[in-house]
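So the structure is just underneath, and the comments pick up after that.
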Amino acid sequence: MDNKMKIPSVGFSSIEKLAEEPTLVAAASKSSNQRVAISVYQTKINGHCHLITITWSKKLLVHTLSISVENQLQTKNKKQDHDHHNQWTCKVELRPWFFWRKLSSKLFHVDDKPVRLFWDLRRAKFSGEPEPLSGYYVALVSDNEVVLLLGDHKTKAYKHTGFPPSLTNAALVSRREHVFGKKKLATRAQFHDKGKFHEILIQCNNGGNSSSSSSILGGDIDSEMVIKIDDKDVLHVTHLHWKFRGNESIFINKTKLEVYWDVHDWLFVPGLRRALFIFRPVVNNAICCSASSSSSSSLSSLWSSLEGSCHAAAAAATTLGDASAGSNCLFLYAWKLE
C-alpha cells in the first residue's frame, strides 16, 4: 500500500508561485467563455537550455497563441529594446476575418542571437478547444535548425522553414490548463512526449441532494467525486467534504500516475471558484516516495517539488537528446460554474 500524503490546510494563495500566467488567469476567472492551455518545453537554443512557454486561449470566436522564450542574458543597457529582456513574448490573435495572420513568421533575438518563429494555422482544427487538435504547425528555428516543432504538419514545417530538425529533441516539462464546467469537466492529456492522448473526465455528485446551491456539490455530506480516464473509473472519492484534499496512485496501461486534488474552494468558498488537480507520471520511485512521505511539508512546497521533478526529467531528456525519455505533469485548474 502506498503511503498517503496528508495535505495540510493551505489555500490557493500559497501556490501562486507555479509560474502561472497572471494576466491569463485573471481573464479566465472573469469569463466562463475563456479557456487557457499552457505548455512548458525545454530545448536548446544557441547551445544553451531554455524554457519555452506556449499558451493557447479561446474566447468566443477568437483564438490566441502566445509564445514566451526565456532569455538568460541579463540586460546591461536598460534603454535597449524589448528583444533583450529576460523573456521574449510573441502574441498572435486568430480572428476569423484575419486570414493572413494564420501563416507568417517573426524574427527576434535570444541571448543576442537571431531566432525565428514560423506558424501555419490556416487549416487548424480546434473543435472547441483552445489548442488545435490537427492541421497546423508552430516551429522555432535557431542556428539553422528547427529546435521546437508543434503540430501534425511536420513536412510542411520543414519545407516552409527550409531547415532540418535539431539533433536534440525538445522535451515537454509541464502543462497547465484552465477548464470550466458545471458537474462535469473534461480535457485531454499526454503523459509522455510520444505517448497517446488520454481523455480525462471529472464528475461531481451531491449524494442526490440538488436543492442547495451554496456549494458546487449541493452542501451534502455524501458528496463524491469520480475521475475517469478513457471512459474508465480510475478514482472514486466519497465523503468529499472530509476528503477535499488528497492523493492516490493509479495505473493507466503500464504507466503509474500520482493524482493530487484540492477541491476545498469548490465546497466552502462562494462565487466562482476553482479546484486544482495534478496528474504526475511516476518515473522514479525514490522521488515519488519522498514526495508522498513529506506529510509536514506545505502544499506550496509539494507543488514546487512536483514541478521541480518535472523540470529535472525534461532536462535529462534534453541533454540525452531523447524527448521520449521525459514525462510531464498536468496541472488542471477546474473552474466550477453555477
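My numbering puts the first residue of the sequence shown at 145, with every later residue one more than the last. Don't be surprised by glycine CBs; every beta carbon is placed ideally from N, CA and C.
Note to self: Going by C-alpha to C-alpha distance, which of Asn288, Ala478 and Leu329 sits closest to Gln258?
What the structure shows: One-based indexing of the sequence shown puts residue 258 at position 114. Inspection of the sequence shows that residue 258 is occupied by Pro rather than by Gln. Ranking Asn288, Ala478 and Leu329 by Cα distance to Pro258 puts Asn288 first.
Notebook entry, point to check: Is there a Cβ from chain B that is less than 8 Å from the Cβ of Leu481?
Noted result: Checking the listed chains, one finds no chain B in this structure; it contains a single protein chain.
Notebook entry, point to check: How many Å lie between His322 and His192 at the Cα?
Noted result: Here residue 322 refers to the residue found at position 178 when the sequence shown is read from its first residue. Here residue 192 refers to the residue found at position 48 when the sequence shown is read from its first residue. Between His322 and His192, the C-alpha separation is close to 31 Å.
Margin query: Going by DSSP, what residue range makes up the alpha helix (DSSP H) through Lys303?
Written below: Counting from one through the sequence shown, the residue named residue 303 turns up at place 159. Lys298 to Thr305 is the extent of the alpha helix (DSSP H) around Lys303.
Checklist line | Identity of the residues DSSP links to Trp405 by a beta bridge | finding: Position 261 of the sequence shown, counted from the start, is the residue given in the question as residue 405. Paired residues: Gly390 and Phe421.
Notebook entry, point to check: Candidates Glu343, Arg332, Ala478 and Val413: which alpha carbon is nearest Asp374's?
Noted result: Here residue 374 is taken as the residue at index 230 of the sequence shown, counted from 1. Among Glu343, Arg332, Ala478 and Val413, the Cα nearest to that of Asp374 is on Glu343.
Checklist line | Cβ pair Val378, Glu368 closer than 8 Å | finding: Position 234 of the sequence shown, counted from the start, is the residue given in the question as residue 378. Position 224 of the sequence shown, counted from the start, is the residue given in the question as residue 368. No; because the gap between Cβ atoms is not below 8 Å, this pair is not in contact.
Item checked: Residue span of the beta strand (DSSP E) that contains Arg267, given as start and end -> Counted from its first residue, the sequence shown places residue 267 at position 123. Boundaries cannot be given for Arg267, as no beta strand (DSSP E) includes it and DSSP labels it neither H nor E.
Check: Between the C-alpha atoms of Glu392 and Arg424, what's the straight-line distance to the nearest angstrom?
Finding: The residue given as residue 392 occupies position 248 in the sequence shown. The residue given as residue 424 occupies position 280 in the sequence shown. Here the alpha carbon of Glu392 sits roughly 11 Å from the alpha carbon of Arg424.
Notebook entry, point to check: When DSSP builds the beta bridges, which residues end up paired with Trp410?
Noted result: What you label residue 410 is simply residue 266 of the sequence shown in a count that begins at 1. Beta-bridge pairing links Trp410 to no other residue.
Check: Taking just the CA atoms, how far does Cys348 sit from Asp296?
Finding: Looking up residue 296 in the sequence shown gives position 152. Looking up residue 348 in the sequence shown gives position 204. Each residue's alpha carbon lies about 35 Å from the other.
Notebook entry, point to check: Does the Cβ of Lys328 have 16 or more other Cβ atoms within 10 Å, making it buried, or fewer, making it exposed?
Noted result: Your numbering for residue 328 matches position 184 in the sequence shown. That one is exposed.
Item checked: Validate contact between the segment 260 to 268 and the segment 189 to 205 using beta carbons, cut 8 Å, 3 pairs -> Short answer: they don't touch.
Item checked: Buried or exposed (CB count within 10 angstroms, at least 16 for buried), Asn397 -> Looking up residue 397 in the sequence shown gives position 253. So Asn397 ends up on the exposed side.
Item checked: According to DSSP, residues forming a beta bridge with Glu321 -> Taking the sequence shown and counting its residues from 1, one reaches residue 321 at position 177. For Glu321, which the question treats as bridged, DSSP gives the partners Ala181 and Leu476.
Checklist line | Check whether Arg389 and Trp405 have beta carbons under 8 Å apart | finding: Locating residue 389 in the sequence shown gives position 245, where the first residue counts as 1. Locating residue 405 in the sequence shown gives position 261, where the first residue counts as 1. In this structure, Trp405 lies closer than 8 Å to Arg389 by Cβ.
Notebook entry, point to check: How close, in whole Å, do the beta carbons of Ala315 and Gln186 come, if the pair is a contact with beta carbons under 8 Å?
Noted result: Here residue 315 is taken as the residue at index 171 of the sequence shown, counted from 1. Here residue 186 is taken as the residue at index 42 of the sequence shown, counted from 1. That belief holds up - the Cβ atoms of Ala315 and Gln186 are roughly 5 Å apart, short of 8 Å.
Next item on the list: Output the distance between the C-alpha atoms of Trp410 and His385, rounded to the nearest integer angstrom.
Entry: Taking the sequence shown and counting its residues from 1, the one referred to as residue 410 is at position 266. Taking the sequence shown and counting its residues from 1, the one referred to as residue 385 is at position 241. So the alpha carbons of these two residues sit roughly 10 Å apart.
Item checked: Val254 to Tyr281 span [Cα, whole Å] -> Here residue 254 refers to the residue found at position 110 of the sequence shown. Here residue 281 refers to the residue found at position 137 of the sequence shown. Cα to Cα, Val254 sits roughly 21 Å from Tyr281.
Check: Can you tell me whether DSSP reads Arg239 as helix, strand or coil?
Finding: For the purposes of this step, residue 239 is identified with residue 95 of the sequence shown, where counting begins at 1. Residue state, collapsed to three classes: coil.
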